[in-house]
Ligand code: SF4
Ligand code: SF4
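Residue numbers (this note's numbering): 193 to 285.
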């Protein structure tokens with residue numbers, strides 16, 4: 193399942209999309225320590241699987257939470273995406 197975390201406003205769509213099917217076999221969850229802003233956490237989903245998620249606090253301000261990783265020019269690869277061995281994480285902006 194692709195879980196969307198974030199919001200849409202006049203400035204655009206700001207969502208982190210996590211393909212949680214890919215998290216089920218991921219044992220060490222490297223996305224969590226890779227994020228310098230502690231945006232990601234591991235939760236138990238409705239099917240009793242441990243999957244990545246965006247914390248409740250960050251969902252409401254994700255554009256700002258991720259801003260340090262997203263300079264306007266020369267944007268480097270995002271640490272969360274780089275860390276995930278299963279390409280489970282996408283960003284909409
Ligand atoms: S590293 Fe990727 S596959 Fe593993 S828990 Fe994080 S998002 Fe899911
Ligand atoms: S872009 Fe940066 S702050 Fe946002 S989730 Fe990824 S690693 Fe964390």
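Beta carbons: idealized from backbone N, C-alpha and C, even for Gly. The structure presented is a predicted model; accordingly, all values stated were derived computationally and were not measured.
With 16 as the cutoff for other CB atoms within 10 Å, does residue 245 come out buried or exposed?
buried
Quick one, what's near ligand 2 if you take every residue whose CB is closer than 5 Å to any heavy atom, in chain order?
227, 229, 231, 258, 261, 270, 271 and 272
Quick check: the Cα distance between residue 227 and residue 279, rounded to an integer number of angstroms?
15 Å
Looking at residue 257 and residue 224, is the spacing between their C-beta atoms short of 8 Å?
no
Assumed close pair residue 265, residue 197 - CB separation to whole angstroms, cut-off 8 Å:
Residue 265 to residue 197, Cβ: 26 Å. No contact.
Can you say whether residue 208 is buried or exposed, counting buried as having 16 or more other CB atoms within 10 angstroms of its CB?
buried
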